[in-house]
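>
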Amino acid sequence: MMQVTLTMKPRAKPFLPIEAEMIVPMNFIGSRELFVWEGNKKRRLEDVFTVRKEGNVNSPENIVVILRGDTGRVKRVGEYMSSGIITIEGDIGMHCGNFMRGGNIVIHGNADGWLGREMRAGSILCHGNAGDYCGSGYRGEKRGMRGGKIEIMGDAGDYLGEYLTGGEIHVHGNAGMFAGAEMRGGTLKIDGDVRIPAANMSKGTCIIGGVAHEMLPTFEKTGEKNGMVVFHGDVANKGKGELMIRQVQENSALQ
Amino acid sequence: MHEILIKNAFVIDPIQGIHGDIMDISVRDGRIVDKVSGTCEVIDAGGNLTLPGGIDSHTHVCGTKVNFGRYMSPEDMRAGRTPRRGAMYHTSGYTVPTTYGNSYRYSKMGYTTLLEGAMAPMEARHTHEEFAATPMQDMLANTLFDGNWNLFEAVGDKDIRQAAAVIGWTLSAVRGFGVKLTNPGGTEAWGFGDDLSSIDETVPNWDITPRDIIDTSIKACEFLHLPHSVHLHCNNLGMPGNYRTTLQTLDIPSDLNPDRQTLYLTHVQFHSYGGSTWGDISSEAEKVASSVNTKPQVVIDMGQVMFGRTMTMTADGPMEFRLYTLHHNKWSNHDVELETGSGVIPVYYSRKSPVNSIMWAIGLELALLVKNPWQCMLTTDNPNGAPFVKYPEIIGLLMSNLYREKELDQVHKLTTDRTSLGTIDRELSFEDIAVMTRAGQAKALGIIDQGKGHLKEGALADIAIYPVKPDQTDPSLQYEEVIGAFQQTLYTLKDGFVVNRDGEVIRGIPNRTFWVNANLPDDMDVMKSPRFVEKFSRYYSVDLENYMVQDDYVERGIEMNTHVA
Ligand SMILES: [Zn+2]
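These protein sequence lines map, in sequence, to chains G and P.
Take the first sequence: its letter number 181 is residue 181 in the working numbering, and every next letter is one higher.
Take the second sequence: its letter number 194 is residue 1194 in the working numbering, and every next letter is one higher.
Following this line, the structure appears as structure tokens:
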């Protein structure tokens, strides 16, 4: 086992974002110098974090990277990671787990936007809330998350799982607008409430345990299952997705 | 005073009739001069190929369509990233790079002038803003008229003078350079979910045909004495059997201008298809080239396809929709009110695909079968056929039969039966290439007098020195060296300054935008026509005053003044 602890140093301008796509377990094997960008300045990792390494291994699956301190503006942590564990004790910035291919990320605070964007495999557990576009595709992409699992214990923002293509997202709290928009596969589960879910979905399963507000009229009711109403759609685009809802908001276009 | 002496240059300057002489070139304050003082900066060209700066007469590098290509392809933006370094800004993108990416990469290949192939008048500001951020090249904007209702009215009235008034006013208003027709009438029909399948089909809601639009625009262009001719993207792009439309279109213009062509047909590769379906598509490049060979009034550009990933973008909305129904991937579709439209779609051209392989062969056939290089420009319709960084490989293919044979072995087997490429043994010379990449383009665009495309005394000192010695190189065997040489100059000079050296950007020079002021007489001023002003305010979503592009957008504009007949 090897444990790498990165503790954020006090910063003169704490609002400046840090581009830290090199924070993936594999990069801590050996002793190569690592750099991040703080705003438009290139910094050595050691200039931004106090780095403590314990143990020594030569394969990434046995590495745990711990981020400590004010990391809410640190972006792209775990991008393309394939194995190992990243534990974030506080909040994390945008694009955490971009294109992730394996391993685990655990966030004890909140995650900013684009958590697990276009991830292929592995798992992300966020104990707090997630921002907008969790598990989605980037703007201009036609495929979002394709595999793996994202679990959010709190709430998620807008466009949760947009273009979701595979894998599973489970939000224990509420989600914002347009959860599951353009879904093409995978499973999206929200225990709480949502607004305008699953617009234009073509495949996959979306399960809403709470209230669906402003439900679109382009879903066809096909039955009931486990106390939930089952819909088929989005028929506006000949979609074959499954949408299950505990309760459709009164005065929705469709009830 | 800034002077440079380039010594031992192997110069090919087709406009001056210099066919490969070792000579010196003197430069003072951005212009070619007869002599410089003894103390100036000296560049030893070492007998290497020295040409006027490259000119691309049809490329898509700036404006809304291009930018939409950027928006919709984050994967492309992740490719081709370079960090800020020296005089270079950071760049990203491969098929639709950032403006700086385009500019630096063209400059590395010796290009100093670019014509943006399609600017929608209403969206001109965006194009001009991106021109200003393309620091290594002077820019020109072909302006779209293919669905312009004001022009359509004049065409319907068979009123060439009124058509000229609309065109002249619009070019001045939006700081445009030339008249571009993209699928004339067809893009307008697409606004109603339709397309036109022949140049004699009537445009919906109008009593006119593409033939009428083309013919009237050509005459209006000549009436205005515009530097460039009508620049036409024919109807039926990319449809099997479309060569018939192309041949009919080629028959439209008579020879109306002694200085240049009367009609410029762009990306003719996409318009030279035989057969009737994707299953039996074949090349009709021979027929199209034969027609061009009998018509000095016509110039074409290749629109060569090269294999790999790229982005297609055009004002031809219905064509992009047909492409979308084949791929079902990303698609952008856009309408520009009373003027035109557009579509954008990413594509991958594969050697394994018979259709793509045949397309690849057709472009080369055209360039090899058109006898006079002044009538066929080297383009890919960047990035539609391929990103422009593929130009050097195209040069290699045109100069070496051996290279072509090797490549022909790699593509789909049907290519040999369905095209004549394997039977052509013509190999183009360095001079042919110089014509097809700068001299011919300067003539076709009518910018020789602006000091472009040649190295005459008084010309702009835009010069490209390539690391190849033509007198010691046999391109038919050493095509790899030739390709390498055209990929990266030893020196690129613009306005008398070294702007690129061994692929490194040395500096940017504030670039120019050439635009046409038609100087219309009072009785042709559409702004004084109550009918025009009333229609404009009724149908356009912007006010006339807000439509006009302000001078701020073309700070370094070069006004080309023309006068009506
Ligand atoms: Zn074009």
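Ideal Cβ positions, reconstructed from N, Cα and C, are used throughout, including at glycine.
Which of helix, strand or coil does DSSP assign to residue 99 (chain G)?
Looking up residue 99 (chain G) in the first sequence gives position 99. The answer is coil: DSSP assigns residue 99 (chain G) none of H, G, I, E or B.
> Going by DSSP, name the residue or residues bridged to residue 1342 (chain P).
Position 342 of the second sequence, counted from the first residue, corresponds to residue 1342 (chain P). For residue 1342 (chain P), which the question treats as bridged, DSSP gives the partners P:1334.
> Do you know offhand how far residue 248 (chain G)'s Cα is from residue 215 (chain G)'s?
What you label residue 248 (chain G) is simply residue 248 of the first sequence in a count that begins at 1. What you label residue 215 (chain G) is simply residue 215 of the first sequence in a count that begins at 1. Roughly 7 Å between the two C-alpha positions.
> Please list, in chain order, all residues of the same chain as residue 19 (chain G) whose beta carbon is under 7 Å from its beta carbon, the five residues on each side excluded.
Here residue 19 (chain G) is taken as the residue at index 19 of the first sequence, counted from 1. Excluding sequence neighbours, residue 19 (chain G) sits near 36, 37, 75, 76.
> Residues of chain G with a CB under 8 Å from the CB of residue 1330 (chain P): which are they?
To locate residue 1330 (chain P), count along the second sequence from 1; it is residue 330. Those within 8 Å of residue 1330 (chain P) in chain G are 140, 142.
> Can you find a heavy atom of ligand 1 that lies under 8 Å from the Cβ of residue 1233 (chain P)?
Reading the second sequence from its first residue, position 233 is the one you call residue 1233 (chain P). Yes, ligand 1 has a heavy atom inside 8 Å of this Cβ.
> Take every Cβ of the segment 54-66 of chain G, pair it with every Cβ of the segment 27-46 of chain G, and state whether three or more of those distances are shorter than 8 Å.
yes
> Between which two residues does the beta strand (DSSP E) containing residue 1466 (chain P) stretch?
The residue labelled residue 1466 (chain P) in the question sits at position 466 within the second sequence. It spans 1463-1466 - the beta strand (DSSP E) in which residue 1466 (chain P) sits, taken as one unbroken run.
> What is the chain-ordered set of residues for which the beta carbon lies under 5 Å from any non-hydrogen atom of ligand 1?
Counting every residue whose Cβ lies closer than 5 Å to a heavy atom of ligand 1, we get P:1117, P:1381.
> Please go through the segment 1047-1081 of chain P and give each complete beta strand (DSSP E) segment of 3 or more residues, from N-terminal end onward.
Taking only runs of at least 3 residues, the beta strand (DSSP E) segments lying wholly in the segment 1047-1081 of chain P are 1049-1052, 1054-1059.
> Please check if any C-beta of chain G sits within less than 9 Å of the C-beta of residue 1071 (chain P).
Numbered from its first residue, the second sequence carries residue 1071 (chain P) at position 71. At least one chain G Cβ lies under 9 Å of residue 1071 (chain P).
> Hey, does residue 1510 (chain P) have any beta-carbon neighbour from chain G nearer than 9 Å?
Here residue 1510 (chain P) refers to the residue found at position 510 when the second sequence is read from its first residue. So no, residue 1510 (chain P) is outside the interface.
> What is the DSSP secondary structure of residue 216 (chain G), counted as helix, strand or coil?
By 1-based counting over the first sequence, the position of residue 216 (chain G) is 216. Correct three-state label for residue 216 (chain G): coil.
> What in chain G is Cβ-close to residue 1074 (chain P), meaning under 8 Å?
Locating residue 1074 (chain P) in the second sequence gives position 74, where the first residue counts as 1. Neighbours of residue 1074 (chain P) on chain G, chain order: 138, 139, 140, 141.
> So what's residue 1132 (chain P) in DSSP terms, helix, strand or just coil?
Translated into positions along the second sequence, residue 1132 (chain P) becomes position 132. The answer is helix: DSSP assigns residue 1132 (chain P) an H, G or I state.
> Apart from the five residues on each side of it in sequence, which residues of its chain come closer than 8 Å, Cβ to Cβ, to residue 1414 (chain P)?
Your numbering for residue 1414 (chain P) matches position 414 in the second sequence. Annotation for residue 1414 (chain P): 1354, 1357, 1358 place their beta carbon closer than 8 Å to its own, counting only its chain and skipping 5 residues before and after.
> Taking the C-alpha atoms as reference points, what is the distance between residue 62 (chain G) and residue 103 (chain G)?
Position 62 of the first sequence, counting from 1, holds the residue named residue 62 (chain G). Position 103 of the first sequence, counting from 1, holds the residue named residue 103 (chain G). Going by the C-alpha atoms only, they are around 10 Å apart.
> Leaving out five residues before and five after residue 1428 (chain P) in sequence, what residues of the same chain have Cβ atoms less than 6 Å from its Cβ?
The residue given as residue 1428 (chain P) occupies position 428 in the second sequence. Once the five neighbours on either side are set aside, the close Cβ partners of residue 1428 (chain P) are 1398, 1399.
> Near residue 1389 (chain P), which residues of its chain fall below 7 Å by C-beta distance, leaving aside the five closest residues on each side in sequence?
Here residue 1389 (chain P) corresponds to residue number 389 of the second sequence, with the count starting at 1. These residues qualify, in order along the chain: 1105.
> Does ligand 2 have even one heavy atom less than 8 Å from the beta-carbon of residue 224 (chain G)?
As presented, the structure is devoid of ligand 2, carrying ligand 1 as its sole ligands.
> Between the segment 1368-1379 of chain P and the segment 1288-1299 of chain P, can you find at least three pairs of beta-carbon atoms closer than 8 Å?
yes
> Given this structure, state the Cα-to-Cα distance separating residue 1048 (chain P) from residue 1362 (chain P), to the nearest angstrom.
Locating residue 1048 (chain P) in the second sequence gives position 48, counting from the first residue. Locating residue 1362 (chain P) in the second sequence gives position 362, counting from the first residue. Computed Cα separation, rounded: 32 Å.
> For residue 1117 (chain P), does the three-state DSSP call read helix, strand or coil?
Taking the first residue of the second sequence as position 1, residue 1117 (chain P) is located at position 117. Looking at residue 1117 (chain P) - three-state DSSP - the assignment turns out to be strand.
> Where does residue 19 (chain G) fall in DSSP's three states?
Here the question's residue 19 (chain G) lines up with position 19 in the first sequence. It is a strand residue.
> From which residue to which residue does the alpha helix (DSSP H) around residue 1410 (chain P) run?
Working through the second sequence from its first residue, we reach residue 1410 (chain P) at position 410. For residue 1410 (chain P), the enclosing alpha helix (DSSP H) covers residues 1401-1410.
> Pick from G:105, G:131, G:25, G:8: whose alpha carbon is nearest that of residue 70 (chain G)?
Residue mapping note: residue 70 (chain G) aligns to position 70 of the first sequence, counting from 1. Taking only the C-alpha atoms, the option nearest residue 70 (chain G) is G:8.
> Identify whether residue 1394 (chain P) lies in helix, strand or coil by the three-state DSSP scheme.
Counting from one through the second sequence, the residue named residue 1394 (chain P) turns up at place 394. Residue 1394 (chain P) falls in the helix class under three-state DSSP.
> Are the segment 1537-1551 of chain P and the segment 1489-1507 of chain P in contact at 8 Å, needing three or more beta carbon pairs?
no
> Could you spell out where the alpha helix (DSSP H) holding residue 1568 (chain P) opens and where it closes?
No answer is possible for residue 1568 (chain P): the residues shown for chain P start at 1001 and end at 1565.
> In chain order, what residues of the same chain have a beta carbon less than 6 Å from the beta carbon of residue 1456 (chain P), not counting five sequence neighbours either side?
To locate residue 1456 (chain P), count along the second sequence from 1; it is residue 456. Same-chain partners within the cutoff: 1016.
> Could you tell me which residues DSSP puts in a beta bridge with residue 107 (chain G)?
Numbered from its first residue, the first sequence carries residue 107 (chain G) at position 107. Partner(s): G:88, G:126.
> State the Cα-Cα distance for the pair residue 1486 (chain P) and residue 1126 (chain P), rounded to the nearest angstrom.
Residue mapping note: residue 1486 (chain P) aligns to position 486 of the second sequence, counting from 1. Residue mapping note: residue 1126 (chain P) aligns to position 126 of the second sequence, counting from 1. When the Cα atoms are used, residue 1486 (chain P) and residue 1126 (chain P) turn out to be separated by approximately 31 Å.
> Look at the Cβ atom of residue 191 (chain G), then the Cβ atom of residue 160 (chain G), and state whether they are nearer than 9 Å.
As a working mapping, residue 191 (chain G) is identified with position 191 in the first sequence. As a working mapping, residue 160 (chain G) is identified with position 160 in the first sequence. Not closer than 9 Å, so no.
> Thinking just about the alpha-carbon of each residue, which of G:130, G:143, G:139 is nearest to the one in residue 118 (chain G)?
As a working note, residue 118 (chain G) is residue 118 in the first sequence. The option with the nearest alpha carbon to residue 118 (chain G) is G:143.
> Closest to residue 1262 (chain P) by C-alpha separation, out of P:1297, P:1426, P:1204, P:1477, would be which residue?
The count along the second sequence starts at 1 and reaches residue 1262 (chain P) at position 262. Closest by alpha carbon: P:1297.
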